[in-house]
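Novice: The structure that follows is given in the form of structure tokens.
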Amino acid sequence: MKNEWGDVRLGIDAYDLSGKRALVLGAGAPAGRAIALALGEAGADVTVSSISNDGDEIMRVKRVQQELTKMGRKSTTVATDITLGAGVQVMVRQVAKAFDGLDIMINAPDLFLGKAAESTTDVEWNKVMQTNLAGTFHGCRAAAKEMLKQESGGRIINVTSVLGERAIANAAAYCAAQAGVLNLTRALATEWGPRKITVNAIAAGWMDYSAAIGNPDPAANQTVRFVPMKRAGTADEIAPLAVYLASDSCGYISGQVMFVDGGLTTHL
Amino acid sequence: MVLERLKLDGKVAIVTGAGRGLGRQMALALAEAGADVVCAARTASQIDRTKSDIEALGHRAVAQSTDVRDSGQCDALVQRAVDEYGKLDIMLSNAGIGDMRGANAELWDVNDDDWHDTLDVNLSSAFYCARAASKVMAAQGHGGAIINLASGTAMRAYPMSFGYGAAKAGVIAITKSMSAMLVRHNIRVNCIIPGFVMQAPPGNEQAEIFAQTRGRYLPAQRLGYAWELGPLAIFLASDASSYVTGQGFVIDGGGLAGGLAPMGFAPEVPV
Chain A
2 MKNEWGDVRL
12 GIDAYDLSGK
22 RALVLGAGAP
32 AGRAIALALG
42 EAGADVTVSS
52 ISNDGDEIMR
62 VKRVQQELTK
72 MGRKSTTVAT
82 DITLGAGVQV
92 MVRQVAKAFD
102 GLDIMINAPD
112 LFLGKAAEST
122 TDVEWNKVMQ
132 TNLAGTFHGC
142 RAAAKEMLKQ
152 ESGGRIINVT
162 SVLGERAIAN
172 AAAYCAAQAG
182 VLNLTRALAT
192 EWGPRKITVN
202 AIAAGWMDYS
212 AAIGNPDPAA
222 NQTVRFVPMK
232 RAGTADEIAP
242 LAVYLASDSC
252 GYISGQVMFV
262 DGGLTTHL
Chain B
-18 MVLERLKLDG
-8 KVAIVTGAGR
2 GLGRQMALAL
12 AEAGADVVCA
22 ARTASQIDRT
32 KSDIEALGHR
42 AVAQSTDVRD
52 SGQCDALVQR
62 AVDEYGKLDI
72 MLSNAGIGDM
82 RGANAELWDV
92 NDDDWHDTLD
102 VNLSSAFYCA
112 RAASKVMAAQ
122 GHGGAIINLA
132 SGTAMRAYPM
142 SFGYGAAKAG
152 VIAITKSMSA
162 MLVRHNIRVN
172 CIIPGFVMQA
182 PPGNEQAEIF
192 AQTRGRYLPA
202 QRLGYAWELG
212 PLAIFLASDA
222 SSYVTGQGFV
232 IDGGGLAGGL
242 APMGFAPEVP
252 V
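In structure tokens, the structure reads:
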């Protein structure tokens, strides 16, 4: 609509992603899958990627791609091991080349480890750090290398957890890795902001797919009963925020972590 | 379908401070997304303009002159929404005044009236509106969304008007507490925390230079535009944020993410 600010998108068209080129790392898991489909519904062409070379995971990603294709979006499946920065960079370059640019990058690796700190091995610690924290950095860095070439900049969205802000027993490695993602998000926002790249994070609470809570049924799960909304969230409740953060209308939000958690943290 | 969940068709919203600046843009945005809007502010001519602009979009709106420092007028405002449209779904408490009376004074020169008025207009108003709105929403039985406007000044030092930062910190605190109190009625309560956002496009060269100078210190390299709060307000008002409550959403061009200095300076490691 036209008003004193000119012709601005103030209604539902503010979330229109038609013509945008998106890449979702971790589309084989529930959050990444829901976000990939929502971006597609909002009009974006979405390339979907695994975060490992596990065949079952790649097949799950492939099924998301089929749904996107059915919607009429351009979509391809790629596989990458997110723990290897060079591989991620090459993959992102190829995707950006195929689509002549990259506007939206979603980093949604999620490797949970429920284990007493004193029993956590070096190998386990490194794997959790490498997947969640380094993996997110690999995705951000590779995306920025493409977005920095564009006048239009881009949108990077990291999917993390309330456990990056608040702690829980028996998940020290995971808590530390996700806390790293939060300040990584802020640091990259300050660094790439002048080049029109925004970097934000969505922190999910207890979701019905969370490995951290097990059975999400409130009747069986004391953790879920402590959520003010008395229920676990769903991946579909994360996806609309990703669409908003990915949109052109969201150019003045950066370096923020937004909590979708049913009131669990009452953050900020 | 994700865009369907952002729509506000059939919802009724109240926006305070809807006559100009951020409130006006958010009122227009909620209407664009499908809501009927009760526009409130002290200055009748300004809310009449917002009302007619909404009607020009093909949506329903009414204007109600309201001084949000007066709880009776906040009650009447909520009643007006019910009288006009039969219900209330969205309460957006935006009214506030950025400059405390006695701004830039020495601390000992801020008098009791300045202090109380700043808290009344910026903090008590949010409580009065939420109290009146939540009672109606709970009785309706289908929940609702309350959105308060805080400020980045609540998160860092704000020497120009220290009462304002305190009031807005209070808004963040009541947002959290009210979210926990109202969750059983399916009422979600969140707040928007704007950083430096221009209320209107710069009207002259001096304003333009001021905006550019201020903006340089933010990662976004510019100040925000009032209209940019519109899509955020729609998100928080709509079913798209069904699992979001008790949260603050900062829209500040990345200023607080850096925030090594209170304002006006964004350090970087030389490379």
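Respectively, the protein sequence lines represent chains A and B. When the letters of the first sequence are read in order and numbered with the numbering used here, they come out as residues 2 to 269. When the letters of the second sequence are read in order and numbered with the numbering used here, they come out as residues -18 to 252. Heads up, the beta-carbon is just placed ideally off N, CA and C, and yes, glycines get one too.
1. Assign leucine 11 of chain A to buried or exposed, taking buried as 16 or more other Cβ atoms, counted over all protein chains shown, within 10 Å of its Cβ.
2. Pick helix, strand or coil for arginine 30 of chain B, following the three-state DSSP scheme.
3. Would a check of beta-carbon distances place phenylalanine 100 of chain A closer than 8 Å to chain B?
4. Is proline 212 of chain B close to chain A, meaning its C-beta is less than 8 Å from at least one C-beta of that chain?
5. Alpha carbon to alpha carbon, how far is serine 26 of chain B from alanine 141 of chain A? Give it in angstroms, no decimals.
6. Can you list, in chain order, the residues of its chain with a C-beta nearer than 6 Å to that of threonine 186 of chain A? Leave out the 5 residues immediately preceding and following it.
7. Of all the options B/Arg50, B/Glu13, B/Ile71 and B/Thr47, which has the alpha carbon lying nearest to the alpha carbon of aspartate 34 of chain B?
8. Mind listing the chain A neighbours of isoleucine 153 of chain B? Cutoff is C-beta to C-beta under 7 Å, in chain order.
9. Using C-beta distances below 6 Å, list every residue in its chain close to serine 74 of chain B, excluding the 5 sequence neighbours before and after it, in chain order.
10. Check the Cβ of phenylalanine 230 of chain B against every Cβ in chain A and list those closer than 7 Å, keeping chain order.
11. So, at 8 Å on beta carbons, what are the nonlocal neighbours of glycine 264 of chain A in its own chain, with the 5 sequence-adjacent residues on each side left out?
12. Chain B partners of glutamate 42 of chain A, CB-CB under 7 Å?
13. Could you give the distance in angstroms between the alpha-carbon of cysteine 55 of chain B and the alpha-carbon of leucine 85 of chain A?
14. With DSSP as the reference, identify every bridge partner of alanine 44 of chain B, one or two as the case may be.
15. Counting C-beta neighbours from all protein chains within 10 Å, is the total for arginine -14 of chain B 16 or more, i.e. buried, or is it exposed?
16. Got a sec? Which residues, its chain only, sit under 6 Å from tyrosine 66 of chain B by beta carbon, not counting five neighbours each side?
17. If we call anything under 8 Å between Cβ atoms a contact, is isoleucine 157 of chain A one with methionine 208 of chain A?
18. Quick check on aspartate 64 of chain B: buried or exposed, where buried means 16 or more other Cβ atoms within 10 Å of its Cβ?
19. Would you grab the beta carbon distance between proline 212 of chain B and alanine 15 of chain A for me? Rounded to a whole angstrom, and I think it's under 8 Å.
20. Measure the CB-CB distance between tyrosine 175 of chain A and valine 124 of chain A and report whether it falls below 8 Å.
21. Anything in chain B within Cβ reach of histidine 6 of chain A, meaning under 8 Å, just list it in chain order.
22. Using a beta-carbon distance below 8 Å, is glutamate 238 of chain A in contact with chain B?
23. Does lysine 160 of chain B come out as helix, strand or coil in the three-state DSSP assignment?
24. Tell me the rounded alpha-carbon separation between glutamate 119 of chain A and glutamine 179 of chain A.
25. Kindly identify the DSSP beta-bridge partner or partners of glycine 184 of chain B.
26. Do the segment 175 to 186 of chain B and the segment 202 to 211 of chain B touch if we need at least three Cβ pairs shorter than 8 Å?
27. Give a yes or no on whether the minimum CB-CB distance between glycine 239 of chain B and chain A is below 8 Å.
28. Using a Cβ-Cβ cut-off of 7 Å (strictly less than) and excluding sequence neighbours within five positions of alanine 117 of chain A, which residues of its own chain qualify?
29. Does the beta carbon of valine 18 of chain B sit closer than 8 Å to a beta carbon anywhere in chain A?
30. Which value, in whole angstroms, describes the spacing of the CA atoms of leucine 88 of chain B and alanine 247 of chain A?
31. Where leucine 38 of chain A and serine 250 of chain A are concerned, what is the direct C-alpha to C-alpha distance, given to the nearest angstrom?
32. Which residues in the same chain as phenylalanine 230 of chain B place their Cβ atom closer than 8 Å to its Cβ, once the five residues preceding and following it in sequence are excluded?
33. Quick one: grab the DSSP three-state call for leucine 73 of chain B.
34. Inspect the beta-carbon positions of threonine 24 of chain B and glycine 0 of chain B and report whether they are closer than 8 Å.
35. Does DSSP put asparagine 184 of chain A in a helix, in a strand, or in coil?
36. At a CB-CB cut-off below 8 Å, which residues of chain D make contact with proline 31 of chain A?
Specialist: Taking the coordinates as given:
1. buried
2. helix
3. no
4. yes
5. Correcting the residue identity first, residue 141 of chain A is cysteine in this sequence and not alanine. In a straight line, the C-alpha of cysteine 141 of chain A is about 49 Å away from that of serine 26 of chain B.
6. Asn159, Val200 and Ala202
7. B/Glu13
8. Leu269
9. Thr(-3), Ala107, Cys110 and Asn129
10. Met259
11. Val228, Pro229 and Met230
12. Met(-18), Val(-17) and Leu(-16)
13. 58 Å
14. B/Cys20
15. buried
16. Val(-7) and Asp17
17. no
18. exposed
19. 4 Å
20. no
21. Reading the sequence as shown, one finds tryptophan at residue 6 of chain A and not histidine. In chain order: Gln6, Pro182, Tyr206, Ala207 and Trp208.
22. yes
23. Residue identity differs from the one stated: residue 160 of chain B is serine in this sequence, not lysine. It is helical.
24. 19 Å
25. Paired residues: none, contrary to the question.
26. yes
27. yes
28. Asn171
29. no
30. 43 Å
31. 20 Å
32. Asn171, Cys172, Ile173, Ile174, Leu213 and Leu217
33. strand
34. yes
35. helix
36. The chain labelled as chain D is not found among the protein chains of the depicted structure, namely A and B.
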